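Peer 1: Start counting the sequence shown at 4; every next residue gets the next number (the working numbering). Each residue gets a CB set at the ideal place from its N, CA and C atoms; glycine is no exception. Keep in mind that this is a model prediction, so the values were computed, not measured.
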Amino acid sequence: PERSVLFKQSDVPAHAELYLMFSMTVPVPWLERVPTYKEQQEQLHGRDLSTLGFLGYPLLQAADILAYKGGRVPVGEDQLPHIELTR
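1) Under 6 angstroms Cβ to Cβ from THR89, same chain only, skipping five residues before and after it: list those, please.
2) Roughly how many whole angstroms lie between the Cα atoms of TYR71 and PHE10?
3) Between the region 50-62 and the region 30-40, can you find at least three pairs of beta-carbon atoms closer than 8 angstroms?
4) For ARG75, which residues in the same chain have their Cβ closer than 6 angstroms to its Cβ, ignoring the five residues on either side in sequence?
5) What does the alpha-carbon distance come out to for the pair LEU47 and ARG6?
6) When we look at the beta-carbon of LEU62 and count the other beta-carbons within 10 Å, is it buried (16 or more) or exposed?
7) What do you reckon, are the CB atoms on THR39 and ASP81 nearer than 7 angstroms?
8) Grab me the residues of VAL15's own chain with a C-beta within less than 6 angstroms of its C-beta, minus the 5 sequence neighbours each way, in chain order.
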């Protein structure tokens, strides 16, 4: 507790604004190259179930990190490409 801060993310408009700025500047092909997105597309082959939420999730994760100046970011191996995109 002494080293952590808890807050309600939806109370921080700057977080959503940063995500919006990323979504307007990052080229879609960069997001389409993220391995988890490509894997989903292969699994959904022939079905029109792609969503903007899934495609843009790496941008939301980047906003999570950069809005709060995160220095250490615990992620699963499947999310390493999201961190690379953030860099």
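Peer 2: Checking against the coordinates, here is how it stands:
1) Translated into the one-based positions of the sequence shown, residue 89 becomes position 86. Excluding sequence neighbours, THR89 sits near ALA65 and ILE68.
2) Numbered from its first residue, the sequence shown carries residue 71 at position 68. Numbered from its first residue, the sequence shown carries residue 10 at position 7. Using only the alpha carbons, I get a separation of about 12 angstroms.
3) Because the criterion of three Cβ pairs below 8 angstroms is met, the region 30-40 and the region 50-62 touch.
4) Against the sequence shown, residue 75 aligns to sequence position 72. Taken in chain order, the list of residues that qualify is empty.
5) Sequence index remark: in the sequence shown, residue 47 carries index 44 (1-based). Sequence index remark: in the sequence shown, residue 6 carries index 3 (1-based). Taking the straight line from one Cα to the other gives about 42 angstroms.
6) Residue mapping note: residue 62 aligns to position 59 of the sequence shown, counting from 1. Classification for LEU62: buried.
7) Position 36 of the sequence shown, counted from the first residue, corresponds to residue 39. Position 78 of the sequence shown, counted from the first residue, corresponds to residue 81. Contact flag set, yes.
8) The sequence position of residue 15 within the sequence shown is 12, counting from 1. Excluding positions up to five away in sequence, the list is empty.
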